[in-house]
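Numbering-wise, the sequence shown is residues 0 to 373 according to numbering that gives the first Met the number 0.
All C-beta atoms in this analysis are idealised placements derived from N, C-alpha and C, irrespective of residue type, glycine included.
Before any comments, here is the structure.
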Amino acid sequence: MTDTNWEMAEADVLAAIGDALDRGNDAVLATIIDVEGSAYRRPGAKMLIEGDGGAGSLTAGCLEDEVRGLANEVLDAGRPRIETYDLMGDEDVWGLGMGCNGIITVLLEPLDASHRPAVERVAHGTDCATLTVVGGDRPLGERGIYDPDDGFAGALPEWLVADLADRTAALFDAGRSETISVDTDDGSVELFVDTIEAPPELVVLGSGPDVTPVVELATRVGFRVAVVAFRGALSEADFPAADTVHTTSPPKLRESIDLDADTHVVVMTHNFIDDRLALGELLDTPVPYIGLMGPRDRFEEMRDELAAEGVSITDADADRIYTPIGLDLGGDAPSTIAYSIVAELLAVANDRTPRHLAERAGPIHERRAVEPTE
Numbered sequence: 000m001t002d003t004n005w006e007m008a009e010a011d012v013l014a015a016i017g018d019a020l021d022r023g024n025d026a027v028l029a030t031i032i033d034v035e036g037s038a039y040r041r042p043g044a045k046m047l048i049e050g051d052g053g054a055g056s057l058t059a060g061c062l063e064d065e066v067r068g069l070a071n072e073v074l075d076a077g078r079p080r081i082e083t084y085d086l087m088g089d090e091d092v093w094g095l096g097m098g099c100n101g102i103i104t105v106l107l108e109p110l111d112a113s114h115r116p117a118v119e120r121v122a123h124g125t126d127c128a129t130l131t132v133v134g135g136d137r138p139l140g141e142r143g144i145y146d147p148d149d150g151f152a153g154a155l156p157e158w159l160v161a162d163l164a165d166r167t168a169a170l171f172d173a174g175r176s177e178t179i180s181v182d183t184d185d186g187s188v189e190l191f192v193d194t195i196e197a198p199p200e201l202v203v204l205g206s207g208p209d210v211t212p213v214v215e216l217a218t219r220v221g222f223r224v225a226v227v228a229f230r231g232a233l234s235e236a237d238f239p240a241a242d243t244v245h246t247t248s249p250p251k252l253r254e255s256i257d258l259d260a261d262t263h264v265v266v267m268t269h270n271f272i273d274d275r276l277a278l279g280e281l282l283d284t285p286v287p288y289i290g291l292m293g294p295r296d297r298f299e300e301m302r303d304e305l306a307a308e309g310v311s312i313t314d315a316d317a318d319r320i321y322t323p324i325g326l327d328l329g330g331d332a333p334s335t336i337a338y339s340i341v342a343e344l345l346a347v348a349n350d351r352t353p354r355h356l357a358e359r360a361g362p363i364h365e366r367r368a369v370e371p372t373e
């Protein structure tokens with residue numbers, strides 16, 4: 000596979016798109032707009048192709064070199080194109096041992112200013128959806144953007160936006176990306192609605208050496224990470240993988256950090272008093288996940304001390320407190336503990352109950368069934 004940083008989270012791919020736009024370099028954005036059957040990635044997966052490099056991936060190596068070759072043709076033509084790859088047949092070169100068993104449709108576009116609004120919104124922590132024409136009576140690649148607070152903007156005509164409003168909002172609320180059809184007296188159009196979610200926030204309370212692998216793994220899987228120390232001053236150099244680094248005290252935690260319903264918190268100061276004070280602060284926030292290091296007895300002691308101070312832990316609070324933190328993966332090495340913590344974070348952030356995929360009924364990803372062929 001040609002050199003690209005293929006494991007990047009979507010927010011990082013979008014940041015790379017923004018950097019390419021800033022540089023003004025020729026680049027192509029390839030996006031999966033439809034999948035029938037099984038595939039490594041789902042609609043919305045993106046790959047930036049810029050010279051000999053780029054960012055992101057569409058598969059685990061099945062199509063990247065082929066798509067990269069087409070990117071040069073897209074740049075030469077100066078207009079988008081759509082390619083469909085059938086990976087289902089053993090007699091097809093694409094199906095030979097690739098690990099995919101589906102039909103993947105890819106939109107390739109020259110990178111231009113119409114991609115910037117989504118980049119900027121995600122950079123500021125705002126979810127959005129892009130709507131891109133992929134067929135019908137409008138120009139291929141014509142684009143609009145949907146923001147739940149600001150509504151629609153971009154090049155799409157009013158008659159089309161009016162017909163799209165309810166379906167776009169429904170897809171956005173469900174966090175789904177898919178191609179939809181619009182058929183009105185003004186024209187028939189197919190559009191790819193790409194729901195783009197800003198990365199979830201993770202706040203790690205602590206500054207010990209075991210914080211480093213948690214921050215590195217969480218960043219790699221798409222969290223925007225803030226590290227908060229209660230003892231001693233820190234700088235970005237202490238945790239280079241973190242997005243931000245802060246120093247405060249437990250009673251000032253809510254003043255120092257934005258703790259909203261999209262923020263997850265891991266408490267790993269290894270100081271009982273700091274942890275208890277921090278927990279008391281966190282209970283007054285809407286954060287959906289509070290992970291506490293240490294055994295259950297430690298938490299029960301913490302609960303008793305909070306109760307003596309007039310702070311009760313309700314059933315709803317208990318449902319968002321995870322202690323001992325992490326999934327049961329076995330092992331006690333710092334990296335293993337970090338994997339355990341970040342795996343639990345991912346499950347909570349994605350509204351999943353952790354279990355073996357072999358035990359999951361149905362497909363790993365939601366998908367529409369493949370129509371039988373003659």
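Expressed to the nearest angstrom, what Euclidean distance is found between the alpha-carbon atoms of F222 and V203?
As a position in the sequence shown, residue 222 is number 223, starting the count at 1. As a position in the sequence shown, residue 203 is number 204, starting the count at 1. Approximately 11 Å, taken between the alpha carbons.
Let me make sure I understand the geometry here. Which of L282, L326, H355, R354 has the alpha-carbon closest to that of R319?
In the sequence shown, the residue the question calls residue 319 occupies position 320. Comparing Cα positions, the closest option is L282.
Please report the straight-line C-alpha distance between P79 and D111, rounded to a whole angstrom.
Looking up residue 79 in the sequence shown gives position 80. Looking up residue 111 in the sequence shown gives position 112. Cα-Cα distance, rounded: 11 Å.
Counting pairs of Cβ atoms below 8 Å between the segment 180-196 and the segment 125-133, do you hit three or more?
Result yes; three or more Cβ-Cβ pairs closer than 8 Å.
Whole angstroms is fine: what's the gap from V121's alpha carbon to P198's?
Translated into positions along the sequence shown, residue 121 becomes position 122. Translated into positions along the sequence shown, residue 198 becomes position 199. One C-alpha to the other measures close to 8 Å.
Counting only the same chain and skipping the five closest in sequence on each side, list residues whose C-beta sits under 6 Å from that of L13.
As a working mapping, residue 13 is identified with position 14 in the sequence shown. Excluding sequence neighbours, L13 sits near V118, V121.
Can you find the residues in the same chain that come closer than 8 Å, C-beta to C-beta, to D260, ignoring five residues on each side of it along the sequence?
Position 261 of the sequence shown holds residue 260. Just to set this straight, residue 260 is Ala in the shown sequence, not Asp. The answer, listed in chain order, is P285, V286, P287.
Spatial neighbours of G205 within its chain, please: CB distance less than 6 Å, with the 5 preceding and 5 following residues excluded, ordered by chain position.
Residue numbering aside, residue 205 sits at position 206 when the sequence shown is read from its first letter. Correct list, in chain order: M267, T268.
Give me the Cβ distance between L57 and A19, rounded to the nearest whole Å; I'm assuming they're in contact under 8 Å.
For the purposes of this step, residue 57 is identified with residue 58 of the sequence shown, where counting begins at 1. For the purposes of this step, residue 19 is identified with residue 20 of the sequence shown, where counting begins at 1. In fact, because the Cβ distance is near 17 Å, the residues do not count as touching under 8 Å.
Determine the closest residue to F238 out of I32, A277, D296, T218, with distance taken between C-alpha atoms.
Against the sequence shown, residue 238 aligns to sequence position 239. Closest option to F238, Cα to Cα, is T218.
Quick check: the segment 272-279 against the segment 239-259, are there 3 or more CB pairs under 8 Å?
Yes, since at least three Cβ pairs between the segment 272-279 and the segment 239-259 fall closer than 8 Å, the two stretches touch.
Under 8 Å by Cβ, that's how I've got I336 and G290 pegged, so tell me the actual separation to the nearest angstrom.
Within the sequence shown, the letter at position 337 stands for residue 336. Within the sequence shown, the letter at position 291 stands for residue 290. With a Cβ gap of about 11 Å, I336 and G290 do not count as contacting.
What first and last residue would you give for the beta strand (DSSP E) that runs through T243?
Walking along the sequence shown from the start, residue 243 turns up at place 244. It spans 243-246 - the beta strand (DSSP E) in which T243 sits, taken as one unbroken run.
Could you pull out every residue in the same chain whose Cβ sits closer than 7 Å to the Cβ of Y338, ignoring the five residues on either side in sequence?
In the sequence shown, residue 338 corresponds to position 339, counting from 1. Result list for Y338: L216, L328, in chain order.
State the CB to CB distance for the pair V213 and V341, rounded to an integer number of angstroms; the pair is presumed to be in contact (CB under 8 Å).
Stepping through the sequence shown from its first residue, residue 213 is reached at position 214. Stepping through the sequence shown from its first residue, residue 341 is reached at position 342. With 8 Å as the limit, V213 and V341 qualify as a contact, their Cβ atoms being about 6 Å apart.
Using 10 angstroms around the beta-carbon of G55, count the other beta-carbons present and answer buried if the total reaches 16, otherwise exposed.
In the sequence shown, the residue the question calls residue 55 occupies position 56. Under this definition G55 is a buried residue.
Excluding the five sequence neighbours on either side, which residues of its own chain have a C-beta within less than 8 Å of the C-beta of A154, listed in chain order?
Position 155 of the sequence shown, counted from the start, is the residue given in the question as residue 154. Once the five neighbours on either side are set aside, the close Cβ partners of A154 are S113, E141, R142, G143.
Can you tell me where the beta strand (DSSP E) holding L291 begins and where it ends?
Working through the sequence shown from its first residue, we reach residue 291 at position 292. First-last of the beta strand (DSSP E) with L291: 288-291.
From A164, G150, G135, pick the residue whose C-alpha is nearest to that of D185; which is it?
Counting from 1 along the sequence shown, the entry for residue 185 is found at position 186. Comparing Cα positions, the closest option is G135.
Run the CB neighbour count on P371, radius 10 Å, all protein chains shown included, and call it buried at 16 or more, exposed below.
To locate residue 371, count along the sequence shown from 1; it is residue 372. Note that P371 scores 37 on pLDDT, short of 50, meaning its location in the model is unreliable; the coordinates nonetheless yield the value given after this. Label assigned to P371: exposed.
Classify F262: buried if its beta carbon has 16 or more other beta carbons within 10 angstroms, exposed otherwise.
Counting from one through the sequence shown, the residue named residue 262 turns up at place 263. One point to set straight first is that residue 262 is Thr, not Phe, in the sequence displayed. Buried.
What residue from L252, E177, A241 has the CA that sits closest to V210's CA?
In the sequence shown, the residue the question calls residue 210 occupies position 211. The candidate whose alpha carbon is nearest that of V210 is A241.
Any idea what DSSP makes of I336, helix, strand or coil?
Indexing the sequence shown from 1 puts residue 336 at position 337. Looking at I336 - three-state DSSP - the assignment turns out to be helix.
Considering only the beta carbon of each residue, do I32 and T104 sit closer than 7 Å?
The residue labelled residue 32 in the question sits at position 33 within the sequence shown. The residue labelled residue 104 in the question sits at position 105 within the sequence shown. In this structure, T104 lies closer than 7 Å to I32 by Cβ.
For A277, tell me which candidate among R295, F171, M301 has the shortest Cα-Cα distance.
On the sequence shown, residue 277 is found 278 positions in, with the first residue counted as 1. The shortest Cα separation from A277 among R295, F171, M301 belongs to M301.
Could you pull the start and end residues of the beta strand (DSSP E) that A128 belongs to?
Residue numbering aside, residue 128 sits at position 129 when the sequence shown is read from its first letter. Per DSSP, A128 belongs to the beta strand (DSSP E) from 127-135.
Run through DSSP, which three-state label would T352 get?
Position 353 of the sequence shown, counting from 1, holds the residue named residue 352. Three-state result, T352: coil.
So, is the C-beta of P249 closer than 7 Å to a C-beta in chain B?
Annotation note: the requested chain B is absent from the structure, which comprises a single protein chain.
Quick check: S34 and G124, are their CB atoms within less than 7 Å of each other?
On the sequence shown, residue 34 is found 35 positions in, with the first residue counted as 1. On the sequence shown, residue 124 is found 125 positions in, with the first residue counted as 1. Correcting the residue identity first, residue 34 is Val in this sequence and not Ser. Contact: no.
Taking 7 Å as the threshold (C-beta atoms), are I48 and R67 in contact?
In the sequence shown, counting from the first residue as 1, residue 67 sits at position 68. In the sequence shown, counting from the first residue as 1, residue 48 sits at position 49. Result yes, Cβ atoms of R67 and I48 sit closer than 7 Å.
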